[in-house]
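Chemist:
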Amino acid sequence: MLIIALQIIFGLSIIGILVIIFRKIPIILRYPREPFEEVSISGLVEKLKGKITSNEFFHGVALPGTEKFLRRVKVFVLKLDNFLAKMVNRLRHKRIDIEEEITENENNDDVDSSSLPS
Numbered sequence: 007m008l009i010i011a012l013q014i015i016f017g018l019s020i021i022g023i024l025v026i027i028f029r030k031i032p033i034i035l036r037y038p039r040e041p042f043e044e045v046s047i048s049g050l051v052e053k054l055k056g057k058i059t060s061n062e063f064f065h066g067v068a069l070p071g072t073e074k075f076l077r078r079v080k081v082f083v084l085k086l087d088n089f090l091a092k093m094v095n096r097l098r099h100k101r102i103d104i105e106e107e108i109t110e111n112e113n114n115d116d117v118d119s120s121s122l123p124s
């Protein structure tokens with residue numbers, strides 16, 4: 007039973023591949039017979055330099071993207087500053103509580119030792 011199911015799946019996949027190939031043959035035949043033009047890296051670099059240095063690229067793509075990035079960095083820095091301020095405040099309060107506890111213990115130790123008979 008399993009072998010028959012696998013044969014059916016295999017047959018359907020072969021039929022699917024053939025359908026795709028026969029539908030794409032007319033498109034492939036319309037491609038030009040000549041080889042495509044040679045593309046050199048230096049030519050691509052020159053085209054990119056021309057587009058990047060143009061004002062259209064700078065004002066259309068780079069400037070809004072940079073502004074958005076800087077706004078996000080600003081929000082991140084402000085959140086980080088707020089988090090660090092909270093941590094400093096907690097540490098300060100913890101230090102004050104510990105110092106108060108130490109002074110209370112010293113005062114209690116002095117009272118306890120003076121009440122003992124010598």
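Following the numbering used here, the numbering of the sequence shown begins with 7 at its first residue and continues without gaps.
Virtual Cβ for every residue (Gly too), placed ideally from N, Cα, C.
Where does Ser46 fall in DSSP's three states?
Modeler: As a first step, residue 46 is located in the sequence shown; it is residue number 40 there, counting from the start. In this structure, Ser46 counts as coil in the three-state DSSP scheme.
Chemist: Pick helix, strand or coil for Pro32, following the three-state DSSP scheme.
Modeler: By one-based count along the sequence shown, residue 32 stands at place 26. Of the three classes helix, strand and coil, the one that applies to Pro32 here is helix, per DSSP.
Chemist: What number of angstroms, rounded off, separates the C-alpha of Val83 from the C-alpha of Ile102?
Modeler: Walking along the sequence shown from the start, residue 83 turns up at place 77. Walking along the sequence shown from the start, residue 102 turns up at place 96. Taking the straight line from one Cα to the other gives about 28 Å.
Chemist: What would DSSP say about Pro38, mapped onto helix, strand or coil?
Modeler: For the purposes of this step, residue 38 is taken as residue 32 along the sequence shown, with counting starting at 1. Coil.
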